[in-house]
Amino acid sequence: MLRIYLCVFVALLISPPAFAAPEDLDSLLTGVGSIAAPGAPGPLAVFGGDAFPVIVGKSGKGTFASVVAAGRLGKGRILAFGHNGYLAPEAFAIADTGKLFANAIAWTSRKNDGKPRIGILGNARLANHLRQMGQNAIALDKPTWADELGKLDLLITDGAGFSMNQIPPIRGFLENGGGLITGSLGWGWSQLNPGKSLQTDHPGNVLLAPAGLAWADGMLENTAKDGYDAAGRPGPLVHVAKALDQIEAATQNKAKSSPEELAQASASVTLAAQSVTPGDTVLLPGLNRLVDGLTITWPTPKKSLKANADTLSRLAITLWYQRTPRLAPEQIKPHPAAEAFPGAVPASARRIRKTLAIDLSIPGWHSTGLYAAPGEVVTIRVPNESGKSTLQLRIGSHTDQLWHLDSWRRMPQISSAVEIKGNVTRFASPFGGLVYIEVNRPQPNATVAAEIDGAVESPLFILGKTTNDQWKSSIRSLPGPWAEIQATRVIITVPSEHIRKLDDAEALATFWDQVLDADANLAGIPAKRPRPERYLADVQISAGYMHSGYPIMTHLDVADLMVDRHAMLGNKREPVWGLFHEMGHNHQSGLWTFEGTGEVTCNLFSRYCLETVCGIPTEKQGKSNPKAVESYLKSGGNWERWKSDPFLALAMYDQLKSGFGWETYKKVLAEYRQIPRSQRPRTEQEKRDQWMIRFSKAVGKNLGPFFTAWGVPVSEEAKLEVRDLPVWFPDAFPGK
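Here the sequence shown stands for residues 16 to 751, numbered as in the working numbering.
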């Protein structure tokens, strides 16, 4: 049966892919060795017969996806970037990005020997820059800009910089031979458009779907110092048609495939399958025929699905997601994997109706103390006046998506949300989860009464509202499989089994408020926050052992610790350090975090919280190796080594703390919050210079020689600014 489906798939797939002719890639990449990585670029799925990858980034463990891709639509040519930052003039100065852009203008416009007529939509800075470079560029800044397309050879626009009703004239322009250079960011667009779909609501994806190109969710790691290596050519398996050929050959034993080849093929197909529009006729028909009739293995914590061994099941799962969102709430069924994670709801648990007052001035998720059972409809009723804020009903707190990972221990996407429209909204999730009301557009001094019907109660402790007696007598025993401890500044979310024996929830919540207040104290921000921060435990997360964000993600092995105040005050220093480290990331500022210190300045908050909240002095917290530090300093500071070793770099910050105390750090960090925009550091050199100058002036000492001894390069101008202050080195500093 499987062989039949595969053969049918091959017959019904898109016409034989042309991919890139050698001259296409040569035209685009001549003189291009590497390009920038503005922000955190995301991937482009490449699946059309005339589409091809141009430059790739790392998408997972040993796998790659396009950060730059090209294709054709009718007679027109398209060049797409995985970040709209590539359309900013400052990116052109990094590596060979400017050369690639110039090549792209010539290739897409077919005007190698002359100046193409370029129209730039919504980016006057780029239009001005290109004119200064001698290009014939105009800014399309009138509402009737589409009328100008017939006069142009090339359109440059953000991939989401136009509306759905403007797609037809752009598509007609392309089909008639016009060129398009565009850039967008899948994950960034999703964050700014909660409740909307990349597949159906992103205008660039709808425009480029017939060309077999789509911006996808996720981030790409760098492959070169400045961003992405362009010297080599992308591997063939980055294109989905070649990837499917590889999967077919391996499945039918026609050819041997290495684990690396299957992992790459699986990654490419999965990316494309989750990116295409529901009505796609280029890729979906064949993919659906490939997996229809398969017995799917679902991922669980005990049975993971690997990219190089469970390729077809992973593909079937991806297509399952394509179909499910289009179902009405009443058609949603419990997913077979939901019982394993996030968990089952006891059949005997009473489904209740609950009314809550939602403070519309607080953005983000509002916990309800309710849990939606998998596949069961939850109804929310709100009055009409709530329409002044954008509200969503969210089911499930686990927003980390696992698509890019080579192994899935749970379904890759289990949290979902729907916009609350009108008085009554009905919603269901196949996985179930904690129920939240999400405020996306805060409204000062306003509340709304929301009635939620059809969910079960879940343990929720609210500091200042819930007493320990209420908690112990009933709340901690409520049937929902996930629980929350809501302090004033932070909310902890763990499986309910971890709080069933927690007696003093008030002391625990107070402890976490003390941690967050310490972070605010060090960062120089108000203790009262726009919204509480969040920690969430998960069976598998998208990156690392923990990672920062909203919520901060941890693995389940620290769930017990997060709700054990005595353990956090005791000897569990390693995981507690990690919890404080990730919250430190949430408090970092790019103004005082320069190259090499992304994993360093966050640790100032670990140090400070361990000392001021847990009572462990910095000198007894460990992490830095005194002998290694002494050896490094005696050998002379080395900038490359310094910025590649976070705990070596942290030792330098420790010396400043030992010499001048936490109060100096507070003073300097608070000072950064007051500086005018015009004085903020813009380059890495300016960040290092300002950090040295501001710290020197705060303590009345010349720290220039100290920075130099550590190998941290500061400019001569910066050293001159503090030269009249007495030079400072710590006691017993090697060589001083």
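Ideal placement from N, C-alpha and C gives every residue a C-beta, glycine not left out.
Values in this document were obtained by computation on a predicted structure and should not be read as measured data.
Opening and closing residue of the beta strand (DSSP E) in which H381 lies:
Numbered from its first residue, the sequence shown carries residue 381 at position 366. H381: member of the beta strand (DSSP E) spanning 379-387, first to last residue.
Can you tell me where the alpha helix (DSSP H) holding L684 begins and where it ends?
Along the sequence shown, read from residue 1 onward, the residue named residue 684 stands at position 669. L684 -> alpha helix (DSSP H) spans 661-687.
Round the Cβ separation of I135 and L164 to the nearest angstrom and send it over; I've been treating them as touching at under 8 Å.
Counting from 1 along the sequence shown, the entry for residue 135 is found at position 120. Counting from 1 along the sequence shown, the entry for residue 164 is found at position 149. Contact doesn't hold; Cβ gap of about 12 Å is too wide.
Within the same chain, show all residues whose beta-carbon is closer than 7 Å to that of P314, passing over the 5 residues directly before and after it, in chain order.
Position 299 of the sequence shown, counted from the first residue, corresponds to residue 314. L320, A352, W423, R424, R425, M426, listed in sequence order.
Measure the beta-carbon distance from V757 to A85 and round it to whole angstroms, keeping in mind my assumption that it falls under 8 Å.
The structure shown does not extend to residue 757, since the chain is modelled only from 16 through 751, so no value can be given for it.
What separation, rounded to the nearest whole angstrom, lies between the Cα atoms of F526 and A119?
For the purposes of this step, residue 526 is identified with residue 511 of the sequence shown, where counting begins at 1. For the purposes of this step, residue 119 is identified with residue 104 of the sequence shown, where counting begins at 1. Cα to Cα, F526 sits roughly 56 Å from A119.
Y101 (DSSP reduced to helix, strand or coil):
For this step, residue 101 is matched to residue 86 along the sequence shown. For Y101, the three-state secondary structure derived from DSSP is helix.
Assuming M577 and Y560 are in contact, meaning their beta carbons sit under 8 Å apart, how far apart are those beta carbons, in whole angstroms?
Locating residue 577 in the sequence shown gives position 562, where the first residue counts as 1. Locating residue 560 in the sequence shown gives position 545, where the first residue counts as 1. Cβ-Cβ separation between M577 and Y560: approximately 14 Å, too far for a contact (criterion under 8 Å).
By the three-class DSSP mapping on this structure, what secondary structure does I19 have?
If you number the sequence shown from 1, residue 19 lands on position 4. Unreliable placement is indicated for I19, whose pLDDT of 27 sits below 50; no coordinate value is reported for it.
Cβ pair I467, G448 closer than 8 Å
For the purposes of this step, residue 467 is taken as the residue at position 452 of the sequence shown. For the purposes of this step, residue 448 is taken as the residue at position 433 of the sequence shown. Their beta carbons are not under 8 Å apart, which means I467 does not touch G448 by this criterion.
Can you confirm whether the region 256-267 touches the region 229-238 when touching is taken to mean that 3 or more C-beta pairs between the two stretches lie within less than 8 Å?
Pairwise C-beta distances place the region 229-238 out of contact with the region 256-267, as fewer than three of them are shorter than 8 Å.
Looking at the unbroken beta strand (DSSP E) that takes in T197, where does it start and where does it end?
Taking the sequence shown and counting its residues from 1, one reaches residue 197 at position 182. Note, T197: beta strand (DSSP E), 194-198.
Please state if the CB of Q214 and the CB of P158 are separated by a distance shorter than 8 Å.
The residue given as residue 158 occupies position 143 in the sequence shown. The residue given as residue 214 occupies position 199 in the sequence shown. Their beta carbons are not under 8 Å apart, which means P158 does not touch Q214 by this criterion.
According to DSSP, what are the bridge partners of W72?
Residue 72 sits at position 57 when you count from the first residue of the sequence shown. Correcting the residue identity first, residue 72 is Gly in this sequence and not Trp. Bridge partners of G72: A80.
Residue(s) in a DSSP beta bridge with M568:
Here residue 568 refers to the residue found at position 553 of the sequence shown. Paired residues: L551, H562.
Quick one, are the C-beta atoms of W607 and P728 less than 8 Å apart?
As a position in the sequence shown, residue 607 is number 592, starting the count at 1. As a position in the sequence shown, residue 728 is number 713, starting the count at 1. Cβ atoms of W607 and P728: not closer than 8 Å.
Look at the alpha carbon of S290 and the alpha carbon of R140, and state the distance between them as a whole number of angstroms.
Counting from one through the sequence shown, the residue named residue 290 turns up at place 275. Counting from one through the sequence shown, the residue named residue 140 turns up at place 125. Straight-line spacing of the CA atoms in S290 and R140 works out to 31 Å.
Using CA atoms only, rank isn't needed, just tell me which of P457, F620, G113, R146 is closest to I50.
Translated into positions along the sequence shown, residue 50 becomes position 35. Closest option to I50, judged by alpha-carbon separation, among P457, F620, G113, R146: G113.
In this structure, how does DSSP classify R125 when only helix, strand and coil are distinguished?
As a position in the sequence shown, residue 125 is number 110, starting the count at 1. When DSSP states are grouped into helix, strand and coil, R125 belongs to the coil group.
Under the three-state DSSP convention, the category I540 falls into:
As a position in the sequence shown, residue 540 is number 525, starting the count at 1. I540: coil per DSSP, three-state reduction.
Would you kindly work out how many angstroms separate the C-alpha atoms of A60 and S81, rounded to a whole number?
Translated into positions along the sequence shown, residue 60 becomes position 45. Translated into positions along the sequence shown, residue 81 becomes position 66. Straight-line measurement puts the Cα of S81 at about 7 Å from the Cα of A60.
Residue span of the alpha helix (DSSP H) that contains W725, given as start and end:
Here residue 725 refers to the residue found at position 710 when the sequence shown is read from its first residue. In the DSSP assignment, W725 falls within the alpha helix (DSSP H) that extends over 719-725.
I29 (DSSP reduced to helix, strand or coil):
If you number the sequence shown from 1, residue 29 lands on position 14. With a pLDDT of 40 at I29, under the threshold of 50, the predicted position of this residue should be treated as unreliable, though the coordinate-derived value follows. Coil.
Count the C-beta pairs between the region 429-446 and the region 376-385 that are closer than 8 Å, then say yes if the count reaches three, no if not.
In short, these stretches do not touch, since the Cβ pair count stays below three.
Limits of the alpha helix (DSSP H) - the one that T315 falls within:
The residue you call residue 315 lines up with position 300 of the sequence shown. Note, T315: premise wrong, no alpha helix (DSSP H); not H, not E.
Beta-carbon within less than 8 Å of V221's beta-carbon, same chain only, minus the 5 sequence neighbours each way: which residues are those?
As a first step, residue 221 is located in the sequence shown; it is residue number 206 there, counting from the start. Excluding its 5 nearest sequence neighbours in each direction, V221 has C-beta neighbours in its own chain below 8 Å: M179, I182, T215, T292, listed in chain order.
Counting along the chain, where does the alpha helix (DSSP H) carrying V463 start and finish?
The residue labelled residue 463 in the question sits at position 448 within the sequence shown. V463: not part of any alpha helix (DSSP H); member of the beta strand (DSSP E) spanning 462-472, first to last residue.
Does the region 536-550 come within contact of the region 500-518, defined as at least 3 CB pairs closer than 8 Å?
They touch, by the three-pair rule.
Look up I490 in the DSSP assignment and give the residues it is bridged to.
Here residue 490 is taken as the residue at index 475 of the sequence shown, counted from 1. The partner list for I490 (beta bridge, DSSP) is empty, contrary to what the question assumes.
Short Cβ contact (8 Å threshold) for G6 with D168
The structure shown does not extend to residue 6, since the chain is modelled only from 16 to 751, so the question has no answer here.
How about A432 and V450: do their beta carbons lie closer than 8 Å?
As a position in the sequence shown, residue 432 is number 417, starting the count at 1. As a position in the sequence shown, residue 450 is number 435, starting the count at 1. No, these two residues do not count as a Cβ contact at 8 Å.
Going by the beta-carbon positions, is the gap between S639 and L665 smaller than 8 Å?
Looking up residue 639 in the sequence shown gives position 624. Looking up residue 665 in the sequence shown gives position 650. Here S639 is near L665, since their CB atoms are less than 8 Å apart.
Using a threshold of 8 Å, state whether the C-beta atoms of V306 and L330 are closer than that.
In the sequence shown, the residue the question calls residue 306 occupies position 291. In the sequence shown, the residue the question calls residue 330 occupies position 315. At a Cβ-Cβ threshold of 8 Å, V306 and L330 count as neighbours.
Length at least 4, wholly inside the region 282-310: the alpha helix (DSSP H) runs in chain order
You should have 299-306.
Whose C-beta lies closer than 6 Å to the C-beta of K751 among residues of the same chain, with five residues either side of it excluded?
Along the sequence shown, read from residue 1 onward, the residue named residue 751 stands at position 736. Excluding residues within five positions, the ones whose Cβ falls inside 6 Å are F744.
Cutoff 6 Å; reference I29; Cβ partners in own chain excluding five residues on either side
Start at 1 with the first residue of the sequence shown, and residue 29 comes out as number 14. For I29, the pLDDT reaches just 40, beneath the cut-off of 50, and the residue's location in the model is therefore unreliable, although a value from the coordinates is still provided. These residues qualify, in order along the chain: G64, V297.
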